[in-house]
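Here the sequence shown stands for residues 2 to 219, numbered as in our numbering.
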Amino acid sequence: MSIKSNMSQYPDSDGSGERLSLAYEKLSKIPRKIAEKFSKTTTILDLSYNDIKDLSFLSHFRQLNTLILDKNPQPDEKTLPSLPNLSLLWLNHCEIDNVQKWVYRIRDCCPSLRYLSLMGNPGATSSFNGNSTLEHNDYRMMVISILPQLTHLDDAEVTSAQRVQAKQYKHTYNIGQTPFNIFESVGRGQQMSRKASQRRQRKKEQELQHRKENESDS
């Protein structure tokens, strides 16, 4: 366990409060004594490389502005409590398949969030995961449309152009108050578009063939 005061290397940290690191401790939960002792003063909490799935204990850390949960396999988003002061959340390489459920939960629990990183999760489509540029863009638009206050997503800044695009994306796919499979919806739309394009191409080929037949008859 590591405790340090006046940490300022994290974005949005004002250098006050304490940084508590419990990384690499093989924890499935936070010991009660530690939570009681440090929860009121800790502003930066590093829980990376553990096995923590139930996050409800975080409700005691009311001053948190930075939370690092990297490499905790499949944490339960439903247990994330209200963290009104949280501005940075890292959930990298957590084996999260349904990113959208997490994003909606974050919206409800972390209204001050500015920095979010979900890299290395199966549900966070990127070129590093073998996904196409289009799929990666859909993923970013989904997250930004639900969390428009973000200034950084994963390893890139959220640009003004992306905010405008995210608003259009939200309207196009009718992203509302509850999660649904937006990628399935997008994929279905792309599939329908491809089929329509194929039908137009077949029609053109048929018209061309028909003209050739008419010319040969004449």
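Think of the CB as a built atom: it goes at the ideal place given N, C-alpha and C, for glycine as much as any other residue. Predicted, not measured: the structure shown is a model, and the values here were computed from it.
Pair within 7 angstroms by beta-carbon distance, residue i and residue j
i	j	result
L154	L117	yes
S43	F62	The sequence shown places Thr at residue 43, rather than the Ser named in the question. For T43 and F62, yes; Cβs fall inside 7 angstroms.
I53	N66	no
R106	L81	yes
V100	L70	no
G121	H94	yes
S83	C110	yes
CA-to-CA distance, residue j to residue i, given in whole angstroms
i	j	result
S146	N138	12 angstroms
I97	K213	56 angstroms
V159	Q166	11 angstroms
Q150	A36	30 angstroms
P85	E136	31 angstroms
R108	E206	50 angstroms
Residues that residue i bridges to, as DSSP identifies them
i	result
L46	L21, L68
A162	A162 pairs with nothing; no bridge assigned.
H153	Y116, E158
W91	I69, S118
Residue of the options minimising C-alpha distance to residue i
i	options	result
L114	I35, V104, G121, K34	V104
A24	D47, K30, F39, A36	D47
V144	Y170, K41, I45, T134	Y170
Distance cut-off 6 angstroms: residue i Cβ against heavy atoms of the ligand ZN
i	result
S57	Here there are no bound small molecules, and the ligand ZN is not part of this structure.
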